[in-house]
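As structure tokens, the structure follows; a few thoughts come after it.
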Amino acid sequence: VPHPRHFEFPSPSPIALRPSQTSSPSPLSQGLPGEGAAAAGADPGPGAIALPLSPAAPRSPGGPARGWGPRGALGTRSAGWQGSAGRGRAPRSGSSCPGPAQSPPGFSPPGRCPADAQPTEAETAVWNQVNAVLEEAQGVLAELQSYTGAGQEIREVGAAQPPAARPAARGNPAALPQAIQNPGDLRLQERAWSAVCPLVAKLKRFYEFSLRLENALRSLLEALTSPPYAPTQHLEREQALAKQFAEILHFTLSFDELKMTNPAIQNDFSYYRRTISRNRINNLQLDAESEVNNEMANRMSLFYAEATPMLKTLSNATTKFVSENKTLPIEDTTDCLSTMACVCRVMLETPEYRSRFTNTETLLFCMRVMVGVIILYDHVHPVGAFAKTSKIDMKGCIKVLKDQPSTSTEGLLNALRYTTRHLNDDTTSKQVRALLQ
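With the first letter of the sequence shown counted as 1, position 377 gets the number 377 in UniProt numbering; the numbers rise by one all the way through.
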């Protein structure tokens, strides 16, 4: 059964926001530099890097022009599965997590592909649905990155209170409820409320986007695990969908990293909820309540209380997908996830490939996707990702993360420490636990 062996990285060039449909073509839509030369069997030049999982594998000129990679704000062009589509169902025997010089089962000589995989006719319906969500994702990241909060206005409200009503120490969580229960200057109260309301509306949009992202993930899981093809065959045949899956994980980890470093989000929402609560007690109706009612506020509160809310949403969605599709072998889902984890690990741990990455965002993309699929695997698989029987080489994955500067990987390591389910199980080796301490 033929499968891809190579992955390609173009020279990444981050862009601020995705262009509109009427703007000039994005570099992402123009394929790899040197693609035409590659098709002719010539050296593709520095813009394209072929990454064979098996050093002995011959390179095939030409081949299908498809692959996957990140997009838009905070993203770059990145890797792609390649090769001719396989037929039939590949055997599941053996680990789906190879070493640097070992190919996943069933993989065979490749073709070449650009970074921007295009959907086939069979993929179009799902691709269009997911693409509409991914188009929004860049705006969500841009808004979250620029989120400054209403901390100054809220502090001014607290400063206007009588001294006895002020919090005992700056940064005390009790500051927000006291600021509401003991209003000092009505003008400052109104100013703080006017600053918080549009921010809460923005937080509501983020939460609603998480629901659309959950539906998009479910559609991709259905497409990438459905019979009669094995997961590795799906990743090859539906390369455009595999690319979108990776982009969703890249967005998810990017969103959660930004959220974890911005305490203003929960402070603003806490101020909003307490103001609403006080006005209900006083039988006052605020205009903002019509936009964020009590039920919505409760759901948003649970969402933002999570350290990694987007990742938690996707983990729950993946678990729900498996539980609702009892006729689908669980291996169809876990093999898809473990294969993607292995692809990223091999690209990160092999010096020949890493030395050609000229942009740190390309490395971050690989690391985020790898961590994302590990966490999903750990939530779905009965014994998780850390057991000896796992098809993911957790030691290797953790090691490649720890080999990077801590400033870029500490959040990802924390995600493995605190958002996985099976790390503290008895089946987890002491060596793996020690690596994450």
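Glycine included, C-beta positions come from ideal geometry on N, C-alpha and C.
For clarity, every value in this text was computed on a predicted model and none was experimentally measured.
Looking at the secondary structure, which residues open and close the alpha helix (DSSP H) in which residue i lies?
| i | result |
| --- | --- |
| Thr-313 | 309-324 |
| Ala-242 | 239-260 |
| Pro-198 | 186-225 |
| Thr-409 | 406-418 |
| Val-369 | 360-380 |
| Ser-301 | 294-305 |
Mind checking whether residue i and residue j have CB atoms under 8 Å apart?
| i | j | result |
| --- | --- | --- |
| Ser-219 | Thr-313 | no |
| Gly-411 | Glu-214 | no |
| Lys-391 | Leu-435 | no |
| Ala-297 | Arg-273 | yes |
| Thr-318 | Leu-416 | no |
| Arg-191 | Glu-153 | yes |
| Val-133 | Arg-237 | no |
| Met-300 | Phe-269 | yes |
| Cys-366 | Met-394 | no |
| Leu-199 | Gly-149 | yes |
| Gln-266 | Val-130 | no |
| Leu-224 | Leu-241 | yes |
| Asp-425 | Gly-384 | yes |
| Tyr-147 | Ala-264 | yes |
| Arg-345 | Ser-254 | no |
| Ala-341 | Met-310 | no |
| Tyr-304 | Val-196 | no |
| Gly-372 | Leu-217 | no |
| Val-343 | Phe-386 | no |
Go ahead and label residue i buried or exposed: buried means 16 or more other beta carbons lie within 10 angstroms of its beta carbon, across all protein chains shown.
| i | result |
| --- | --- |
| Ser-226 | exposed |
| Leu-28 | Confidence in Leu-28 is poor, its pLDDT being 29 and thus under 50, which makes the residue's placement too unreliable to answer from. |
| Leu-186 | exposed |
| Gln-239 | buried |
| Leu-364 | buried |
| Ser-429 | exposed |
| Gln-233 | buried |
| Glu-247 | buried |
| Pro-104 | Unreliable placement is indicated for Pro-104, whose pLDDT of 39 sits below 50; the coordinate value is still reported in the next sentence. It is buried - the Cβ of Pro-104 has at least 16 other Cβ atoms within 10 Å. |
| Glu-208 | exposed |
| Glu-361 | buried |
| Ser-315 | buried |
| Tyr-229 | buried |
| Tyr-418 | exposed |
| Leu-141 | buried |
| Lys-259 | buried |
| Ser-323 | exposed |
Which of the three DSSP states is assigned to residue i in this structure?
| i | result |
| --- | --- |
| Ala-434 | helix |
| Ala-387 | strand |
| Thr-339 | helix |
| Thr-350 | coil |
| Pro-104 | Interpretation of Pro-104 is limited by its pLDDT of 39, a score under 50 that renders its predicted location unreliable; no figure is taken from the coordinates. |
| Thr-124 | helix |
| Thr-333 | helix |
| Thr-427 | coil |
| Asp-393 | coil |
| Gly-151 | helix |
| Ala-137 | helix |
| Phe-269 | helix |
| Gln-118 | coil |
| Leu-328 | coil |
| Thr-132 | The sequence shown places Ala at residue 132, rather than the Thr named in the question. It is helical. |
| Pro-231 | helix |
| Arg-274 | helix |
| residue 439 | It is not possible to answer for residue 439, since the shown part of the chain is limited to 1 through 437. |
| Ser-146 | coil |
| Arg-356 | coil |
| Pro-64 | Because the pLDDT of Pro-64 is 35, which lies under 50, any placement of that residue in the model is unreliable, and the number read from its coordinates should be weighed accordingly. DSSP places Pro-64 in coil when its eight states are reduced to three. |
Decide yes or no for the touch test of the segment 365-378 against the segment 324-337: beta carbon pairs closer than 8 Å, at least 3 of them. yes
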